[in-house]
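Below: one structure, written as structure tokens.
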Amino acid sequence: MLQCKDKDGRAVYLRRTEKVDAGSSNPKQEAQLDEMWFKSILNDSKTVGNEISIIIDINGYSWKLFRWLTPTNLKMVIKAIKLFPCKEFIFHVVNNCFLLKASVNIAWSFMSEDIKKRIKFHFAGWSFLHEHISPEVLPPEYGDQGPAINFEKLAEWFVDQDARIREYLKYRQLNLQ
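Shown next, in the form of structure tokens:
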């Protein structure tokens, strides 16, 4: 989660595939983590119209993650996008890897035209991403002008919502130990 908004006032969520440990995690756990972040965004009164820009950095996208692209998992993600109480998700795919074309070919057949229109690929350079999200608010690796991500501050912000998160986890029957 970036502590900024895009040019249209949407909250900005950064998902780095290289940070996902596909060996010790699974799609359901990752989806639940994303959902908790999204819910914390929606509870922020500064988020305009409950919209979220998601930057998906596919640098480091692995074969293990590629194996998660099953019909069941794709249908689950598409359903979550449609049902989540958010006015709009905009997806910005940045960087490139050799598995991307195969992944898009697999996933594309499961997506509605509406979702396909909201996915932006930014392979021609950062200037295309900067048309949507100002380089002044992006971390240096995405524009060389913004502040570095302060993971400690983000963790504090996330944990400050402890009571609400615990209730949510209790509802989901997840063990907190």
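Residues in the sequence shown are numbered consecutively from 1, following the UniProt record's numbering. Beta carbons are placed, not taken as given, at the ideal position from N, Cα and C, and that holds for glycine. Please read these numbers as outputs of a predicted model, since none were measured by experiment.
Q | Spatial neighbours of VAL137 in its chain, beta-carbon cut-off 6 Å, leaving aside the 5 residues before and after | A | Reading the sequence shown from its first residue, position 137 is the one you call residue 137. Within the same chain, VAL137 has close Cβ partners CYS4 and GLY146.
Q | N- and C-terminal bounds of the alpha helix (DSSP H) containing ASP114 | A | Here residue 114 refers to the residue found at position 114 of the sequence shown. It spans 113-117 - the alpha helix (DSSP H) in which ASP114 sits, taken as one unbroken run.
**Q.** Nearest candidate by alpha-carbon position, reference residue 192, set PHE121, CYS86 and ILE56
**A.** What the structure shows of the chain is the stretch from 1 to 177, and residue 192 is not part of that stretch, so it cannot be assessed.
Q: Could you pull the start and end residues of the alpha helix (DSSP H) that ILE78 belongs to?
A: Here the question's residue 78 lines up with position 78 in the sequence shown. Element bounds for ILE78: 71-83.
Q: Starting from residue 179, trace the alpha helix (DSSP H) both ways and give me its first and last residue.
A: No answer is possible for residue 179: the residues shown for the chain start at 1 and end at 177.
Q. Among ILE52, ASN95, ILE78 and ASP34, which one has its Cα closest to the Cα of ILE58?
A. One-based indexing of the sequence shown puts residue 58 at position 58. Nearest C-alpha to ILE58: ASN95.
Q. For ARG16, does the three-state DSSP call read helix, strand or coil?
A. Taking the first residue of the sequence shown as 1, we reach residue 16 at position 16. Looking at ARG16 - three-state DSSP - the assignment turns out to be strand.
Q | Classification of LEU129 by the beta-carbon crowding that lies within 10 angstroms, buried from 16 upward | A | Translated into the one-based positions of the sequence shown, residue 129 becomes position 129. Result: buried.
Q. In whole angstroms, what is the alpha-carbon distance linking SER127 and LYS87?
A. Here the question's residue 127 lines up with position 127 in the sequence shown. Here the question's residue 87 lines up with position 87 in the sequence shown. Approximately 26 Å between the Cα atoms of the pair.
Q.
Measuring straight from C-alpha to C-alpha, what distance separates ALA80 and GLN32?
A. What you label residue 80 is simply residue 80 of the sequence shown in a count that begins at 1. What you label residue 32 is simply residue 32 of the sequence shown in a count that begins at 1. Looking at the two C-alpha atoms, the distance is approximately 11 Å.
Q) Is the distance from the Cβ of ALA148 to the Cβ of PRO135 below 8 Å? A) Counted from its first residue, the sequence shown places residue 148 at position 148. Counted from its first residue, the sequence shown places residue 135 at position 135. It is not a contact, given that the beta carbons lie outside the stated cut-off.
**Q.** DSSP state of ALA31 mapped onto helix, strand, coil
**A.** Position 31 of the sequence shown, counted from the start, is the residue given in the question as residue 31. Note: ALA31 maps to helix in three-state DSSP.
**Q.** Cα-Cα separation between LYS82 and GLU152, rounded to whole angstroms
**A.** Residue numbering aside, residue 82 sits at position 82 when the sequence shown is read from its first letter. Residue numbering aside, residue 152 sits at position 152 when the sequence shown is read from its first letter. Each residue's alpha carbon lies about 32 Å from the other.
Q) Straight-line CA distance for PHE38 to ILE78? A) In the sequence shown, counting from the first residue as 1, residue 38 sits at position 38. In the sequence shown, counting from the first residue as 1, residue 78 sits at position 78. Answer to the nearest angstrom: the Cα atoms are 15 Å apart.
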